[in-house]
Amino acid sequence: MRILLICDAIAPLQGIASIRWTKIAKYLKETHGNDVIIDVLTNKKNYDDPNSSLRLYPKDILLEKDMRYFDNYFDVVVTNGLRFANWYKRKVIGKDRHFITGTDVARHSIKMRLKARIRTTYETYYSYVVCRALWSFIKEKVDQYDVIISSYNPIWPFMLAYKMKSHNFKIKWIADFRDTCGRDNIDMAGYAPWHRNYVMNRSYLADVVLHVDDFINTYTNKSVKDYTVTNGYDPEEAAAPQRPERFELVYTGSIYGNQQDFSVVYKVINELIYDEEVDKEKIRVIYAGRYGEQAQIMSEEQGGTGYFVNLSEVSRYKVHELQRKAAILIQAAFNIEGDNCAWTGKMYEYMMAQKPIVYIVNGNKPYSLPSKYMESLGGVCYENSRHEETYPELKKYIKEKYDEWVQTGNIKITQDRQYVERYSYRAIAEQVWMIINDI
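For any residue, its number in the numbering used here is found by taking its place in the sequence shown, counting from 1, and adding 162.
In structure tokens, the structure reads:
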């Protein structure tokens, strides 16, 4: 069986999105290597030259090692027709990476709305340019493949897969959604509806739809069979947890505006410091991820600057080190009508780290998935919608872990290993293999 993975995010690109199909491909090859050939088709990224016309991307040295499981890796240079795109990146986007929700856009100035509209135009145009370039490369090879797997987002892998399926209807097309199609909170006006309309109008050609959790609305054709295939962790990357040198509460990942606010953690710590139940000099809150300036502002607003450390974005190798040495790992998300909270890609790393986890759920909808299953991970879930009920539990949990660390120099947890192991990429790859053979 010959499979073509069509992905924007794939090894060696650093990012949680790159892990999904890199790891699934790895374990498909490890288990079924004699029966499967896996090729990758992506747009070429620039990992070396800061003066290149291509954007400079970070490289993940851990994922780079897994590229040996790909039989062929086609990274196609996309340059023709991108003069406008490059001008846009340089002049319009610049260093402005603020996250604007769909409702916020309407409240911004005319200038901001105009900038969002220009960005929409750019993103739409860029999708077509990338699709055209990769189609020119792959069209002579289309008939070689039995299965094509397109990973959303962005939209161009979906566009290209539709074109390939239209060219040869015998190919099996798996449309994978690692995220919601056309999120309303995407930081531009009008692009989300364009995504959804495109998918709805063309998804009838897909043979199977995969979505990363049960809550995602992919907007795909209802006649197409769909499966939940979660993200996970690579068991071969697991390492023994280490004794914390300090009582460090570590957040690894990205925060987006107010949606992943974890300021309640500062409230707990400040109260414990005030009551002299913890030593301020022994506590640190460490942030390692994109939008570090927002995390810095949060700490300042909540009175946590005396014990906050902003590392900003670091390599995944460093992230794993931070997780292994942490006293507690922090994760934050939101749960609202129409956008339910589920396990994130970062949470699977946390499961693997075997450390205490504090999960902060914002939003007005109670009883999120994390609130139901955090006990299986040996952690605690605070929900803003149930503040009076869950805040005492959060405070008690942090205090108990601190006391345990002071008394023993270490912190231990009890996990439901059967629950955790279902999210191993070895198990997930086998699920994908069964789906492929069932088409």
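Backbone N, C-alpha and C fix where the C-beta goes; we use that ideal spot for every residue, glycine too.
Every value quoted in this text rests on a predicted model; they were computed, and no experiment measured them.
{"Query": "In the stretch 528-574, which residue ranges form an unbroken alpha helix (DSSP H) of at least 4 residues, counting only runs that do not cross its ends?", "Result": "531-535 and 549-570"}
{"Query": "Indicate whether Leu199 and Ile172 have their beta-carbon atoms separated by less than 8 Å.", "Result": "In the sequence as displayed, the identity of residue 199 is Ile instead of Leu. The answer is no: Cβ separation not under 8 Å."}
{"Query": "Count the other C-beta atoms from every protein chain shown that fall within 10 angstroms of the C-beta of Gly571, then say buried if there are 16 or more, exposed otherwise.", "Result": "exposed"}
{"Query": "Within its chain, find whatever has a CB closer than 7 Å to the CB of Ile590; leave out the 5 residues flanking it on each side and keep chain order.", "Result": "Ile186, Val391, Thr392 and Gly394"}
{"Query": "Indicate the three-state DSSP secondary structure (helix, strand or coil) for Ile262 in the structure shown.", "Result": "Below a pLDDT of 50, predicted positions are generally treated as unreliable, and Ile262, at 41, falls in that range; the measurement from the model is reported next regardless. Reduced to three states, the DSSP call for Ile262 is coil."}
{"Query": "Excluding the 5 residues flanking Cys343 on each side, which residues of the same chain have their C-beta closer than 7 Å to its C-beta?", "Result": "Tyr314, His357, Arg358, Val361, Thr380 and Tyr381"}
{"Query": "Along the alpha helix (DSSP H) that carries Leu190, what are the first and last residues, could you check?", "Result": "Ile178 to His194"}
{"Query": "Alpha carbon to alpha carbon, what distance is there between Gln421 and His260?", "Result": "Below a pLDDT of 50, predicted positions are generally treated as unreliable, and His260, at 45, falls in that range; no measurement from the model is reported."}
{"Query": "Please work out which residues of its chain come closer than 6 Å, Cβ to Cβ, to Tyr290, disregarding the five sequence neighbours upstream and downstream, and give them in chain order.", "Result": "none"}
{"Query": "Excluding sequence positions up to five away, which residues of its chain have a Cβ less than 8 Å from the Cβ of Lys257?", "Result": "The predicted position of Lys257 is uncertain, since its pLDDT is 46 and thus under 50; no value can be drawn from it."}
{"Query": "Nearest-angstrom Cα distance between Lys561 and Ile300?", "Result": "57 Å"}
{"Query": "Nearest to Thr193 by alpha carbon, out of Asp600, Glu592 and Pro355?", "Result": "Glu592"}
{"Query": "Cutting at 7 Å between CB atoms, please list the residues of its own chain near Asp442, excluding the five before and the five after it.", "Result": "Sequence inspection shows Lys at residue 442; the Asp mentioned does not correspond to that position. So the qualifying residues of the chain are Ile435, Gly468 and Tyr469."}
{"Query": "Confirm, please, whether the CB-CB distance from Tyr535 to Tyr544 is below 8 Å.", "Result": "no"}
{"Query": "Relative to the C-alpha of Val239, which residue among Gly195, Asp170, Glu226 and Glu302 is closest?", "Result": "Asp170"}
{"Query": "Which residues bound the alpha helix (DSSP H) around Gln456?", "Result": "Gly454 to Glu463"}
{"Query": "Are Ala337 and Val371 close, meaning C-beta to C-beta below 8 Å?", "Result": "yes"}
{"Query": "Along the chain, where does the beta strand (DSSP E) containing Tyr510 start, and where does it finish?", "Result": "Counting along the chain, Tyr510 falls outside any beta strand (DSSP E), though it belongs to the alpha helix (DSSP H) covering Gly507 to Ala515."}
{"Query": "Closer than 6 Å by C-beta to His270: which residues in its own chain qualify, once you throw out the five before and the five after it? Chain order, please.", "Result": "Its pLDDT being 49, under 50, His270 is placed unreliably in this model, and the value from its coordinates should be taken loosely. Hits under 6 Å: none found."}
{"Query": "Going by the DSSP bridge assignment, what does Leu166 pair with across the sheet?", "Result": "Asp201 and Ile310"}
{"Query": "Take the Cβ of Lys563 as the centre, count every other Cβ of all protein chains shown within 10 Å, and call the residue buried at 16 or more, exposed below.", "Result": "buried"}
{"Query": "Counting Cβ pairs closer than 8 Å, one from the stretch 517-532 and one from the stretch 475-492, do we hit at least three?", "Result": "yes"}
{"Query": "Hey, how far is the Cα of Asp266 from the Cα of Tyr418?", "Result": "Its pLDDT being 49, under 50, Asp266 is placed unreliably by the model, and nothing is read from it."}
{"Query": "Got a sec? Which residues, its chain only, sit under 7 Å from Asn497 by beta carbon, not counting five neighbours each side?", "Result": "Cys503, Val523, Gly525, Lys527 and Ser530"}
{"Query": "For Tyr389, which residues does DSSP report across the bridge?", "Result": "Leu372"}
{"Query": "Looking only at its chain, what residues have a beta carbon closer than 8 Å to the beta carbon of Lys557, apart from the 5 residues adjacent to it on each side?", "Result": "Val430, Glu433 and Leu434"}
{"Query": "Assuming Gln493 and Lys508 make a contact with CB atoms under 8 Å, what is their CB distance in whole Å?", "Result": "6 Å"}
{"Query": "Mind checking who Arg408 pairs with in its DSSP beta bridge?", "Result": "None; Arg408 has no bridge partner."}
{"Query": "Rank Glu439, Glu583, Glu398 and Ile333 by C-alpha distance to the C-alpha of Glu566 and give the top, closest one.", "Result": "Glu439"}
{"Query": "What does the alpha-carbon distance come out to for the pair Ile597 and Tyr389?", "Result": "9 Å"}
{"Query": "Which runs of the alpha helix (DSSP H) spanning at least 4 residues fall entirely within the stretch 203-233, listed in chain order?", "Result": "223-227"}
{"Query": "Expressed to the nearest angstrom, what Euclidean distance is found between the alpha-carbon atoms of Ala368 and Asp600?", "Result": "14 Å"}
{"Query": "Tell me, please, which residues DSSP counts as bridged to Asp501.", "Result": "Ile498"}
{"Query": "What are the partner residues of Asp338, as DSSP defines its beta bridges?", "Result": "Ser313 and Leu372"}
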